[in-house]
Amino acid sequence: MAAQSKSSSHPHWSGKVTQKSDALDLEEGVFTWKDPGKIAESLKKSADSSQRRKAEPYRSAMSMLVFYINRAGKKLDQEQLDILEAAKDELRVLYGKE
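Here the sequence shown is numbered in the UniProt record's numbering, starting from 1 and rising by one per residue.
Structural data, given as structure tokens:
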């Protein structure tokens, strides 16, 4: 009998992270929105108000966005990927990191 890989014992851990982050309280469906500015503003609001994050607000917000993009991978359609990439630029502007 073959041993199960660690990933097969917890197949949807990354989905749980985006639904209920230990560091940020995300608005429902934030990564499916069509407005990059709204996505960035929502992530900034969540990061700025979080008392549980370990990094500075900008890093926490950007990390959550990049994490979602990476975990969605090939399942993310090009239009939404472009919106999320634009949201990264919007986050940089909101935090004065452009």
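Even for Gly, the Cβ is constructed at its ideal location relative to N, Cα and C. Quantities reported herein were computed from a predicted structural model and do not represent experimental measurements.
Grouping DSSP H, G and I as helix and E and B as strand, with all else coil, what is L26? As a first step, residue 26 must be located in the sequence shown, where it is residue number 26. L26: coil per DSSP, three-state reduction.
Counting pairs of Cβ atoms below 8 Å between the segment 81-94 and the segment 34-46, do you hit three or more? Yes, since at least three Cβ pairs between the segment 81-94 and the segment 34-46 fall closer than 8 Å, the two stretches touch.
Pull up the CB-CB distance for residue 101 and A47, whole angstroms please, since I reckon it's below 8 Å. The requested residue 101 does not occur in the structure, where the chain is confined to residues 1 to 98.
Classify Q80 as helix, strand or coil using the three-state DSSP reduction. As a working note, residue 80 is residue 80 in the sequence shown. In the structure shown, Q80 sits in a helix (DSSP, three-state: H, G or I).
By Cβ distance, which residues of its chain are closer than 8 Å to E98, with the 5 residues on each side in sequence left out? The count along the sequence shown starts at 1 and reaches residue 98 at position 98. Excluding the 5 residues flanking it on each side, E98 has same chain C-beta neighbours closer than 8 Å at D89 and R92, in chain order.
Can you tell me which of the three DSSP states S58 falls into? Looking up residue 58 in the sequence shown gives position 58. Before going further, note that residue 58 is Tyr rather than Ser in the sequence given. Correct three-state label for Y58: helix.
Taking DSSP as the reference, what is the three-state secondary structure of E98? Within the sequence shown, numbered from 1, the residue matching residue 98 stands at position 98. Coil.
Local Cβ density within 10 Å of L84, reported as buried at 16 or more and exposed below that: Taking the sequence shown and counting its residues from 1, the one referred to as residue 84 is at position 84. The residue in question, L84, is buried, as its Cβ has 16 or more Cβ neighbours within 10 Å.
DSSP state of S7 mapped onto helix, strand, coil: Taking the sequence shown and counting its residues from 1, the one referred to as residue 7 is at position 7. The predicted position of S7 is uncertain, since its pLDDT is 47 and thus under 50; a value taken from the coordinates is nonetheless stated next. Reduced to three states, the DSSP call for S7 is helix.
I'd like to check one pair, S63 with S50: are the Cβ atoms closer than 8 Å? Locating residue 50 in the sequence shown gives position 50, counting from the first residue. Locating residue 63 in the sequence shown gives position 63, counting from the first residue. No, they are not a contact pair.
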